[in-house]
Every structure is written in structure tokens, then in C-alpha cells.
Amino acid sequence: MSLKLPLPPGFFQCPPLSPDDNARYLEIAKQSVQDLVAKARIRDGPVKWTMLSNECDLKIYKGEGTGTTANSDIHCAAMETVGQLDEVMRLYRTDTTAQAKEYVQRFGRALVDAITLYTILPRHPDRPNNCIQIKWMVAKSPFDGLVTKRDFCLLESDLEFQVNGKRAWVRAYKSVELACVPSLRESLNLIRAFQYDMGHVFIESDRPGYLDMTYLADMDVKGIVPVWANDQAVIQWCRNLSDIDRFLREDRLRGSVQSAAAASAKAATGSSVKHQVSGSSPTWGADSTFDGTSQCSSDDQSNYSESMVGTSVVGGHNTKLYSQVHRQHYYPREGTSTTASSAASTVPIMASYQPHHPTSTNTEYTGELSPVSPLLRAPIILE
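Taking UniProt numbering, the leading residue of the sequence shown gets 1, the next gets one more, and so forth.
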């Protein structure tokens, strides 16, 4: 039987991860978050940005030169929206394959399919907004049918922290290679692209009740795609920031309607409305062990490790990462330090923690705007 998208949740048969593999992905995740936060700085960051598109509230930039490699391009988008950080984190809750596929349906501008493969760091009551997973995703171009779809095997890192004393949350992606996720070029005509750094940075704005949203993509799409087509594809992905604004408004309206319905039902019955909870419902860490080993759940494997802090050198800039935020704040005890010797270095996991209120970092996401010349469209061969 021929394959077609979307793929079933159990399509990829991934074996449990070893403790060493789990620890390695944790290190990659930490570096991924650090690099994304540094590159997403519009002003005084490691990337020099040029305006590519100005769409009212949404500003889209392209980095001068190339991205991480000679074959990669780097783009960034910034927008301010009405909203709370907790609303965004609820919107992006995609832990299971079912949630990931629902997310793809809602954010259908560029995404086609998604499957959760592994959970490296599961959510915990002390840090419910932090989660690290490995996922397979498929993306399409605005010229779908003319430009071949791309798939990715990605390490997805969700972490809450603080910037300049303000709450912030990051979703960072970095491509990884897994033997259990082979190329699907022959079976589905998908070209495996590579994300060096991609994701979103959400920070509470100086204006109460607003959020500063930044999206960054530093990737190599592989295949044969002209610059103008690649730019248009990334611009479409950047426009997902506008979708976030709309989805937050929709969720707010839906919540208001549900609250009104619940209040009406309570008034009619004279008692509160309750819901059924299945005895088999998962609890925190139900499918996880806390000794570094992994166990199979319905559509992913769960592994556990602790918190992370540190510094990173990105593009010659020494960037303080963050102080991680939990319901209870933890930080390395005095006498423990972390340093990074190079852009590719990783930060050791701290084994000792004490309550701490995070300090601010000096990260800025606004910058000067400058025009860019129109894109020239030459005859091309698309793949």
C-alpha cells in the first residue's frame, strides 16, 4: 500500500534511548535555546539584519550573508501582540502526537504533518512549561506542487526563563539524525531539510498586557530552490506570528463562551458543574522513570533529567542564557559555575540546586530598519 500524508502515529518504530543519548540531547537542547535567544536579537546581536518585509505590525528581516553554513539562510520576524505568556504556552502545548497533529491543522499555513518520537524532558509540576521532545515534521512551500515538501527530524525545546526581569518562554528547534527516521524521498517524495536554529521567543512587553514575539529560522532547505522562492516560503512561516495573535483572540473568546455556559448551568442546577476523570488518565511522569532510562508510552518514549543554566558564545558574542523559571525557583548552589568555551560548547547539568529568584539578562529584540532591493526572479529548476 502506498504511503500518504498524514502518517499514522506509530509509523516510526523508535527504540528506547540510552541514558547517554538522553544526556546528549539535553546538552544539544540547552545549546539550541542559547543560540536561538542570541540570534533573535534584532539589535546588537550576532546577526546583522536587513528589512525584508514590513506588514503593519509584523516586521520580517533577513540576515546579511548566510546562516550557519554557506548553504543556509537566516530570517527573523518580530511583532507585538495583546496577550499573556500563559496563553501562548497553552496554545503551544503539543506533547502528544494527537496534540501535534491538531497543532498542524490549526497552524496549517506551512505545516503538513507531525509525530512525537521521544520525550527527553517531560513536564513536571515544578516546571509545567518546560519540555524537551524529538519530533518529525513536514512543511510545505507557498508554491506547494511546484516546490517539493520538506521534512525534518527536530529536537524541540520548550523552556521558561527571564529576560531583563521579564517572564519569557522559548520554543527552539534543532535538527537531529535518528536511524529510526530514515529519508522518505522514495516513498513520500519528501526532501530532508536541516534546521540549525529555528523557533519562537516570547517576552512580556514593556506595555502591560502585551507580548513581544520573535520568530527565527536558520536553515538549509536542501534540494534546488531559488533565493526568491526560499524567501517567500520563510515569509509565509514568519506570518504565523499574525496567526498566533488571531488564535489567542479565538481562545479568549472560546473561554468566555465556555465560562458563560458553565455559569448558566450552575445557576440552573444550583450546584457546580463537574467533569468525569478517567482512572486511567496519565499523571505527571506516569510514563517516565527518573533514573535516566526511557520507557515506551503510546507514541513516544520518555526520559527525565533536571534543569539548565549557563552562558554561550554565539557569533563572537558572550551571551548569558537565562535563569530558568519554575513554580519553585531553582538555581545552582554557590560555588557551582558554568562556562562555554566555544559556540558549539555545551553547559554541564547542575546536580545541586537551591531556591532562587532569577536575575535579568541584557537581551534586546528591537533594531533599526533598512530597505532591501526587490528580488529578481530568474528561470529556475525547482525541487
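Idealized CB from N, CA, C, for every residue including glycine. Quick caveat, the model's predicted, so the values are computed rather than measured.
Exercise. Output the boundary residues of the beta strand (DSSP E) element that contains residue 171.
Key: 166-175
Quiz item: Between the C-alpha atoms of residue 99 and residue 93, what's the straight-line distance to the nearest angstrom?
Solution: 7 angstroms
Practice problem: Since I believe residue 49 is in contact with residue 76 (beta carbons under 8 angstroms), could you give me their beta-carbon distance rounded to a whole number of angstroms? | Solution: 6 angstroms
Exercise. For residue 247, name the three-state secondary structure that DSSP assigns.
Key: helix
Self-check item: Spatially closest choice to residue 118 from 198, 42, 25, by CA coordinates
Solution: 25
Quiz prompt | Contacts around residue 168, its chain only, beta-carbon distance under 8 angstroms, and the 5 residues preceding and following it disregarded | solution = 85, 160, 161, 162, 201, 202, 203, 204, 322
Practice problem: Pick helix, strand or coil for residue 64, following the three-state DSSP scheme. | Solution: coil
Quiz prompt | Nearest-angstrom Cα separation, counted from residue 46 out to residue 130 | solution = 26 angstroms
Self-check item: DSSP three-state assignment for residue 42, whether helix, strand or coil
Solution: coil
Quiz item: Span of the beta strand (DSSP E) holding residue 185?
Solution: Per DSSP, residue 185 belongs to no beta strand (DSSP E); it is in the alpha helix (DSSP H), 185-188.
Quiz item: Does the separation of the CB atoms of residue 37 and residue 170 fall below 8 angstroms?
Solution: yes
Self-check item: Distance CB(residue 12)-CB(residue 238) smaller than 8 angstroms
Solution: no
Exercise. Pick helix, strand or coil for residue 54, following the three-state DSSP scheme.
Key: strand
Quiz prompt | Minimum C-alpha distance to residue 185 - residue among 174, 175, 198, 148 | solution = 148
Quiz prompt | Option nearest residue 214 by Cα separation, candidates 192, 79, 193 | solution = 79
Quiz item: How many angstroms separate the CA atom of residue 174 from the CA atom of residue 69?
Solution: 14 angstroms
Exercise. Assuming residue 211 contacts residue 88 (C-beta within less than 8 angstroms), just tell me the rounded distance between them.
Key: 7 angstroms
Practice problem: Find out if the Cβ-Cβ distance for the pair residue 62, residue 231 is shorter than 8 angstroms. | Solution: yes
Quiz item: Closest to residue 222 by CA distance: which of 194, 198, 228 is it?
Solution: 194
Quiz item: Would DSSP call residue 25 helix, strand or coil?
Solution: helix
Practice problem: Verify the contact flag: residue 133, CB atom, against every heavy atom of the ligand NAP, threshold strictly below 7 angstroms. | Solution: With respect to the ligand NAP, the structure shown offers nothing to examine, as it has no ligands at all.
Quiz item: So, helix, strand or coil for residue 86, using DSSP?
Solution: helix
Quiz item: DSSP on residue 199, reduced to helix/strand/coil?
Solution: strand
Quiz item: Skipping 5 residues on each side, what residues in its chain have a beta carbon closer than 6 angstroms to that of residue 188?
Solution: 3
Self-check item: Under 8 angstroms between C-beta atoms of residue 97 and residue 115
Solution: yes
Quiz prompt | Whole-angstrom distance between residue 132 and residue 197, CA atom to CA atom | solution = 15 angstroms
Self-check item: Beta-carbon contacts of residue 207 that lie in its chain and below 8 angstroms, excluding the five residues immediately before and after
Solution: 80
Quiz item: How many whole angstroms separate the CB atoms of residue 151 and residue 106, which I take to be in contact at a CB cut-off of 8 angstroms?
Solution: The pair is not a contact, with the Cβ atoms about 20 angstroms apart (cut-off 8 angstroms).
Exercise. Could you tell me the boundaries of the alpha helix (DSSP H) in which residue 95 lies?
Key: Careful: residue 95 lies outside any alpha helix (DSSP H) and carries neither H nor E.
Self-check item: Beta-carbon gap between residue 8 and residue 113 smaller than 8 angstroms
Solution: no
Self-check item: Proximity of residue 52 and residue 42 at Cβ, strictly below 8 angstroms
Solution: no
Exercise. Answer with buried or exposed for residue 224, where buried requires no fewer than 16 other C-beta atoms within 10 angstroms of its C-beta.
Key: exposed
Practice problem: Name the residue from 158, 155, 91, 190 whose alpha carbon lies nearest to the alpha carbon of residue 138. | Solution: 190
Exercise. Find out if the Cβ-Cβ distance for the pair residue 247, residue 121 is shorter than 8 angstroms.
Key: no
Exercise. Count the other CB atoms, across all protein chains shown, that sit within 10 Å of the CB of residue 444; report buried if there are 16 or more and exposed otherwise.
Key: What is shown of the chain runs 1 to 383, which leaves residue 444 out entirely.
Quiz prompt | Spatially closest choice to residue 235 from 31, 58, 176, by CA coordinates | solution = 58
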